[in-house]
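Numbering (this note's numbering), first residue to last: 121 to 614. A virtual CB, placed ideally from N, CA and C, is assigned to each residue, including glycine. Below: one structure, written as C-alpha cells.
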Ligand code: F6P
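Put into C-alpha cells, the structure is as follows:
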C-alpha cells in the first residue's frame with residue numbers, strides 16, 4: 121500500500137534565483153518531517169500546488185521530475201492559473217471557509233463565484249489523485265481547501281480509500297449554517313472513509329451538524345474514534361490533536377548558537393522581563409486584543425513600565441487578500457500608539473518584528489521569554505504554544521494560552537488559560553505570569569512538557585493511520601476536552 125498525501129501546498133518553497141531560474145527547497149515543518157519517513161518506507165507521493173501560478177511557472181512538472189531522487193518521495197504538482205488561485209485559494213478557502221470556521225462570520229465574503237472555482241479546483245486535485253493512486257493506495261487529504269475531493273474521486277469511480285484531516289476548527293451548527301453550500305460541504309466530508317479533527321470540540325460540532333442536518337445519519341462510539349453511517353456508507357470520525365517534533369525542538373533549544381542568541385536578547389533588555397508573541401499576521405490570532413491587554417497591563421500596573429517588554433513577532437501571510445492588508449494596518453497602528461504612549465529613556469514596551477525567524481532565532485526567543493502570550497480568537501491547534509514548551513528544557517517559563525486554541529485541551533493543567541476577548545482578564549493573567557513564584561512556574565512547565573512529550577507529531581501520525589486501518593475502535597482512548605469552568609476562569613490550576 122502506497123501513501124498518497126494531498127494538500128493545497130506542496131511541502132516546500134519555490135522561488136526564483138537572481139538569474140530568474142526557479143528552484144525548490146524542501147519544507148521543514150513538523151508534518152513534512154513526520155511524513156517523510158513514512159513516504160520513503162512505504163513508497164508514496166505528495167500531491168499539491170507549488171504556490172506559483174501557471175502564468176509565472178508554466179511547467180511546474182519539470183521542476184519536480186527528480187524529486188524522488190532528491191527528497192526520497194515523489195512530488196506531484198497541481199498547476200493553478202492565477203484566476204484559480206484567486207477564486208479557489210484566496211476566495212473560497214480564505215475569504216469564506218477560513219473566517220467562517222473560525223467563527224468570524226462578518227469577515228466572510230460569500231461571493232457566489234468562489235464556489236464554482238472551489239469545485240473546479242477540487243476536481244482538478246481529484247483528477248491528479250485518480251491518475252496516480254491505485255486501488256490499494258491510501259489517500260490522505262489535508263485541510264479545508266480540499267473538502268470536495270472525495271466526492272470528485274467517487275464520481276470518477278476511483279477505488280482507493282481516502283481519509284481527511286481538518287487542520288482548522290470545525291464551527292458550531294449556527295455558524296456552519298451560514299454557509300450557502302452547507303449541505304454540499306457536509307455531504308462531501310462523508311464521502312471520505314475517515315475524517316479527523318483536531319479536538320473533541322471540533323468533532324462535537326461536526327457530529328451535531330450531521331445529526332441535525334442529515335437525520336438519516338447514525339453515529340456510534342465512545343473513545344477518540346467513532347463510527348458513522350450516512351448515505352449508505354460507513355466512515356470513521358475522530359479527534360487527533362496534531363503536534364510537533366518535540367525532540368527536535370528540545371535539541372534545537374539546547375544548541376550553543378541558540379544560547380548565545382538568547383543571551384543577546386536578554387542583554388538587550390537589562391533588568392526587564394520578556395513577554396513573547398509569535399503569530400502569523402492573521403485576524404484569527406487576536407493581535408489587536410493582545411496589544412490592548414498589554415496596554416491595559418501597563419496602565420493598571422504602572423510599576424511594570426520600564427520593567428517588561430513585549431517581543432511580538434508577526435509572520436507575513438496571505439498578503440494579497442484585502443482583509444489581511446487591513447488587519448496589518450490595524451496592528452501597526454496599535455503598536456505605534458502603545459509605543460508612543462509609554463516609550464521612555466531607552467525602553468520601548470513593544471519590539472515588533474515583521475518577518476519569519478530563521479535558524480537559531482526562533483528557539484532563542486522561546487528560551488529568552490519569561491512568558492509566552494498565545495491568545496488566538498480561535499485556532500485549530502496552535503503549535504507555537506507546543507513549540508514554546510518543547511524548547512524550554514531548562515524547565516522555566518510561563519504559558520498564557522487562549523482557551524479557544526485547540527492546544528488548550530492538552531495544556532490546560534500547566535498553562536494560564538484566558539479568554540482572548542476579555543482584555544482585562546488577559547492583562548490579569550499576564551500579571552499573574554510575570555509575578556509567579558519560581559516553584560509554581562517550574563511545576564507548571566513540568567506538566568506542560570510532559571503533555572507535549574507524550575503526544576508528539578509521531579504519536580499523531582501513528583494514531584491517525586491506525587484509526588484508518590484498525591478493526592477495533594475501542595482501542596483509541598478518549599482525547600481530553602476543555603470547557604471553561606468558573607474555578608479555572610482566572611487561570612488557577614484545576
Ligand atoms: O493553519 C492552516 C494553514 O493552512 C497551515 O497549514 C498553514 O501553515 C497556514 O494556514 C498558512 O497557510 P497558507 O499560507 O497556505 O494560506
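Exposed or buried, which one is residue i when buried takes at least 16 other CB atoms within 10 Å?
i	result
residue 344	buried
residue 614	Bear in mind that the predicted position of residue 614 carries a pLDDT of just 46, short of 50, making it unreliable; the figure below should be weighed with that in mind. Exposed: under 16 other Cβ atoms inside 10 Å.
residue 564	buried
residue 326	buried
residue 394	buried
residue 405	buried
residue 422	exposed
residue 559	exposed
residue 536	buried
residue 570	exposed
residue 682	Outside the shown range of the chain (121 to 614) lies residue 682, about which nothing can therefore be said.
residue 495	buried
Let me know the secondary structure DSSP gives residue i once reduced to three states.
i	result
residue 316	strand
residue 439	coil
residue 135	strand
residue 305	helix
residue 518	strand
residue 538	strand
residue 417	helix
residue 374	coil
residue 551	helix
residue 472	strand
residue 612	Confidence at residue 612 is low in this model, with a pLDDT of 48, below 50, so its placement is unreliable and the value that follows should be read with caution. The answer is coil: DSSP assigns residue 612 none of H, G, I, E or B.
residue 401	coil
residue 599	coil
residue 565	helix
residue 523	coil
residue 499	strand
residue 126	strand
residue 347	strand
residue 146	strand
residue 96	Lying before the first or after the last residue shown, residue 96 is absent from the chain, which here runs from 121 to 614.
Judging by CA-CA distance, which residue of the options is the nearest neighbour of residue i?
i	options	result
residue 279	257, 294, 556	257
residue 284	316, 265, 253	316
residue 602	362, 388, 319, 294	319
residue 352	367, 380, 313	313
residue 237	448, 206, 578, 507	206
residue 302	221, 240, 360	221
residue 250	270, 544, 235, 239	270
residue 281	213, 485, 354, 335	354
Does the separation of the CB atoms of residue i and residue j fall below 7 Å?
i	j	result
residue 95	residue 164	The requested residue 95 is not part of the displayed model; the chain covers only 121 to 614.
residue 520	residue 413	no
residue 274	residue 243	no
residue 425	residue 462	yes
residue 183	residue 142	yes
residue 498	residue 524	yes
residue 437	residue 401	yes
residue 223	residue 300	no
residue 198	residue 155	no
Measuring from the CB of residue i, is there a heavy atom of the ligand SAH at a distance below 6 Å?
i	result
residue 287	Of the ligands one can find in the structure shown, namely the ligand F6P, none is the ligand SAH.
Any beta carbon from chain B within less than 7 Å of residue i's own beta carbon?
i	result
residue 393	The chain labelled as chain B is not found in the depicted structure, where only one protein chain is given.
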